[in-house]
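Right, one structure below, let's go through it.
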Amino acid sequence: MEQIPCKEYVELIATKNINFSLTPYSIVVSNNGVATTAGWIAGGGLTYGFEVTTGSVSTGDVVYVGGSCMTPPVGSQIRVLNVKYVNGDGGLGNAAASGVFGNGGTNADGVAVFSGLISSIANTTVPKDALFFGLGIGTASVNAGIDGYQLPVNDLYTEESLIALHSLQLTRALMLLLQLLVYLIQQLIYGQPQELFKLYSI
């Protein structure tokens, strides 16, 4: 049986009809050591990209992006990469045997959804949706959050940069970490993959 990294995935729910051949989207995940001013497009071992360029979704569809042996419960797999051996789409991110999805901890990790190809993303580009998870921001913050990762204004964030998490955001981050721990325990005991994240974004 393959290791856990190829089972990791992101679940997304479409908020509108999209033909990805006409309107491509990109999903970027982070696995933070020390983040840089490049933010989501740092690449290397920090961020990894998935480009969705084929297929289509209708409002309300549940879809998945992730590793080549993911087994999500429902919905379509709209982008699959063997993250253990294949670099990220658009040259963003290196393959990693230990996985490209971060596990949070004291240095927050995140996932973001962008409209367009990886090549269209700059370090100042604000994603359509994003979330961070972990026990704290730690080294995910660059220059006190002024530079680096850009954030959308949504139900989690009121700023477009990773300046600070308010108490409510910290509570939600802890809840996400708890979900991740449950997932890892399920993997160890039952070997059953579960969804890592849910984003209501595309």
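For the sequence shown, position 42 (counting from the first letter as 1) is numbered 41 according to numbering that gives the first Met the number 0, and the numbering increases by one without interruption. Cβ coordinates follow ideal geometry from the N, Cα and C atoms, glycine included. A quick note: this is a predicted structure, and the numbers were derived from the prediction, not measured.
When the Cα atoms are used, what is the spatial distance from residue 85 to residue 27? 15 angstroms
Quick one: what does DSSP say residue 26 is sitting in, helix, strand or coil? strand
Using the three-state DSSP reduction, which class does residue 88 fall into: helix, strand or coil? helix
Anticipated Cβ contact below 8 angstroms, residue 17 with residue 61, distance rounded: Between residue 61 and residue 17 the Cβ distance is about 14 angstroms, and since that is not below 8 angstroms, they are no contact.
By Cβ distance, which residues of its chain are closer than 8 angstroms to residue 32, with the 5 residues on each side in sequence left out? 44, 45, 106 and 138
Just to check, is the beta-carbon of residue 27 closer than 7 angstroms to a non-hydrogen atom of the ligand SAH? Because no ligand of any kind appears in the structure shown, any question about the ligand SAH cannot be addressed here.
If we count the other Cβ atoms within 10 Å of its Cβ and call it buried at 16 or more, is residue 90 buried or exposed? With fewer than 16 other CB atoms across the displayed protein chains lying within 10 angstroms of its CB, residue 90 is exposed.
For residue 50, report the span of its beta strand (DSSP E) as first-last. For residue 50, the enclosing beta strand (DSSP E) has its first and last residue at 46-51.
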